[in-house]
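Take a look at the structure below.
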Amino acid sequence: MLTAKGSSEEETHLKMPRISIFGLGYVGTVYAAGFASKNIEVIGFDIDEKKLKLLASGISPIYEPGLSELVKDCVHKDLLKTFSTAEDAVLNSDVTFITVGTPSNSDGSIDLKYITETSRVIGEVLKKKDRWHLVTVKSTVIPGTTEKVVKKIVEAASGKIAYKHFGLGVNPEFLREGSAVEDFMTPDRIVIGVSDEKSKVELERIYSGFSCPKLVTNIRTAELIKYVNNAFLAAKVSFINMIANLCQKIPNCDVTAVAEGIGLDKRIGKHFLRAGAGWGGSCWLKDLNALNNFARKNGLTLPLIDATLQVNDMQPFVMVELARQLIGSLSNRRVVVLGLAFKPNTDDMREAISIKIVNMLLNEGAEVKVYDPAAISNAKEIFRDSVNYASSANDCIRNADCALIVTEWDEFKSLKPEDFVRHMRIPAVVDGRRIFIPQAFSSKLRFAAIGLGANEYFNPALAVNAMIVSDSEKILLVRRTIEPFNGLWSLPGGFVEYDETVEEALTREVEEETGLKIRPKQIFDVFSHPLRSPVKHVVTICYLADVLGGSLKSSNESLEARFFSASEIPTRLAFDHHEIVEKYMKLQREYWKTC
Ligand code: UGA
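In my numbering, the protein residues as written are 991 to 1585.
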């Protein structure tokens, strides 16, 4: 393996080879405009005439931040052109990059129909070309494809010999959607896969204006690097998602802090450790399946790749389960999904995790409404009339019972807890992308988040809205931290807010609910207890119901309040907190004596 020398001023100013790019999808268009912006003459070619016409008139056929400007500028400067025939494109260039798609077959392997057809077309033109020409595969292809498929087809169609009459190379791309132009301009590295010196020199010349490390490998290694890169990134995200699911079982644990803690270790690195509802997009699933399929054909299994896929399949269930924990059964509930694109700043919904989440919600019998700042028209193609579509985030959450954050658009980051409280029928939020500050939200509404441990910010007990009608003198109202109660709000720090007016309102409410005549000071709001926290709170409820010989009664049927018996709590909360229970019960008894 050779590492190419860095660029020199002299090399940069050498006359650049002319480039033709076959396939004007998102990779092809970004590279076409990108190379042209580096003063290289580029010809774009695609079998789709619409794309050609758009590009010819200076309009990018795809959306990527910064791309329209780049295309317009390069077309204007005549550095980026189109030709309507493959022949003109190849004959008027020195190097052809193949950037066509490699979709999945049903068994996970890649479908090479576009690669084979493009190779054949290029080969037929090369038959008529006297000069040496370099064919470079930029599409993501399984190791061996360039040498076993592309080379053979070009040789057969041209009647020429690879490495002698034409060069062959592999040059994988690592562009992310949404920041593809930036990734092109400032890559972490450039990988050049070649078998002959002339092809190597030509590709190095093209990239001489880039100062990043350039790694020269053989062709199959370069092909594999692309897959391994995506597989590793997907594994990193699935790994942190797996840990996020563990964090949810640990009181007061938060995966964002765990990710920060491990990310500071330079050997791990902080990137791609954002836990969430799951990863999507057109590449990772396709590439991981292709890698698995390739390994199987070679008599191997790749257990870490399987696990990466498995964890990702689990995340939509985790999201739906969190929603269920917040509001109980989702049947006939108005559940809204904020964010549909597989990531922010794109309208791309290919393999978006939102699709699985929406379908699961529909299966649960929920009435689903969705909103995305960019992907609504793509969403309509997928969900048709099975869901309702909103025109803004606020419109989406209006009168809803639970909101799921599935894509971390900036627009959602600016939503405040008050927005949800004001608009929703039941203010309940599942943060699937960790865009909200848990403390700020959980004190004002029902809040759950991926990777946030069962603690005072999130607890199924928050769904309890009940009263204990005791045989003793006291009636205990047990409410979530904030819930409209007779037009009044129970705020954190209850005692401060708990004045005569509140007491009067509560008294009226209880009288209506129970049919009892309430005497002054007979009513007691459990939330005004200074030691409250959801865990202790549930314990308190059950404990008090037990010791006071009272019965539990929901004060709001529509909330499907759930009551847990004391023995059920540890399993419900999925962690052993006997010590806390014991300690708290003791404190509770002492406190109670003073009331
Ligand atoms: C990915 C790779 O990052 C690119 O290097 C590669 O060139 C490209 O695939 C490809 O093969 O064409 P892309 O699919 O555009 O790029 O998206 P990413 O930014 O990598 O995100 C992939 C998914 O992972 C998204 O759903 C994103 O929301 C999710 N993700 C990413 C997380 O959940 N957490 C993270 O920390 C990072």
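Just so it is clear, CB atoms sit at the ideal spot from N, CA and C, and this is done for glycine as well.
Quick caveat: nothing in here was measured; it's all calculated off a predicted structure.
Query	Result
Does the structure place the region 1212 to 1226 close enough to the region 1153 to 1171 that three or more beta carbon pairs sit under 8 angstroms?	yes
Who are the Cβ neighbours of Thr1336 in its own chain at under 6 angstroms, not counting the five residues just before and after it?	Glu1167, Gly1168
For Val1411 and Leu1435, I'd like the C-alpha separation in whole angstroms.	7 angstroms
What residue ranges within the region 1273 to 1358 form continuous beta strand (DSSP E) runs of no fewer than 3 residues, ordered along the chain?	1324 to 1328
Cβ of Gly1329 within 7 angstroms of any heavy atom in the ligand UGA?	no
Can you give the beta carbon distance from Ile1030 to Ala1079, rounded, assuming they're within the 8 angstroms contact cut?	Rounded, the Cβ-Cβ distance is 15 angstroms, inconsistent with contact.
Compute the distance between the beta-carbons of Leu1316 and Ala1234, then report whether it is under 8 angstroms.	no
Do you know offhand how far Phe1156's Cα is from Gln1238's?	57 angstroms
Below 8 angstroms on the Cβ atoms is my contact criterion, and I expect Leu1057 with Ala1023 to pass it. Report the Cβ-Cβ distance as a whole number of Å.	6 angstroms
On the DSSP letters alone, give me the boundaries of the alpha helix (DSSP H) that Ala1023 sits inside.	1016 to 1027
Report the three-state DSSP secondary structure of Leu1263 (helix, strand or coil).	coil
With DSSP collapsed to three states, give me the class of Cys1392.	strand
So does the region 1127 to 1143 actually touch the region 1200 to 1212, counting three or more Cβ pairs closer than 8 angstroms?	yes
Exposed or buried, which one is Met1006 when buried takes at least 16 other CB atoms within 10 Å?	buried
Taking Val1160 as part of the alpha helix (DSSP H), name the residues at either end of that continuous run.	Element bounds for Val1160: not the alpha helix (DSSP H) but the beta strand (DSSP E), 1156 to 1160.
For Ala1221, which option in Lys1256, Ser1198, Met1350, Asn1282 has the closest C-alpha, if you only look at C-alpha atoms?	Asn1282
Measure the alpha-carbon distance for Pro1093 versus Ile1100 and round it to whole angstroms.	6 angstroms
Using DSSP bridges, identify the partner residues of Arg1436.	Ala1418
Where Lys1128 and Thr1019 are concerned, what is the direct C-alpha to C-alpha distance, given to the nearest angstrom?	12 angstroms
Taking only three categories from DSSP, how would you classify Tyr1197?	coil
Just to check, is the beta-carbon of Cys1243 closer than 7 angstroms to a non-hydrogen atom of the ligand UGA?	no
Straight-line CA distance for Ile1009 to Ile1112?	13 angstroms
Let me know if Pro1482 comes out buried or exposed under the rule of 16 or more other beta-carbons within 10 Å of its beta-carbon.	Confidence in Pro1482 is poor, its pLDDT being 28 and thus under 50, which makes the residue's placement too unreliable to answer from.
Thinking C-alpha only, which one of Ile1240, His1413, Ala1369 is nearest Arg1388?	His1413
What residue from Phe1431, Thr1106, Asp1084, Pro1363 has the CA that sits closest to Val1125's CA?	Asp1084
Count the other CB atoms, across all protein chains shown, that sit within 10 Å of the CB of Ile1151; report buried if there are 16 or more and exposed otherwise.	exposed
Alpha carbon to alpha carbon, what distance is there between Thr1397 and Val1248?	21 angstroms
Per DSSP, what kind of secondary structure is Gly1441 in: helix, strand or coil?	coil
Report the three-state DSSP secondary structure of Ser1382 (helix, strand or coil).	coil
Report the option in Val1325, Asp1421, Lys1406, Lys1204 whose CA atom is closest to the CA atom of Arg1415.	Val1325
In this structure, does DSSP put Lys1128 in helix, strand or coil?	coil
Whose CA, out of Leu1275, Ser1404, Gly1289, lies closest to the CA of Val1629?	Only positions 991 to 1585 of the chain appear in the structure, and residue 1629 is not among them; the question remains open.
What did DSSP end up calling Tyr1153 once you bin it into helix, strand or coil?	coil
For Asp1244, list the residues DSSP reports as bridge partners.	Leu1442
Give a yes or no on contact between the region 1287 to 1300 and the region 1345 to 1353, applying the rule of three or more CB pairs nearer than 8 angstroms.	no
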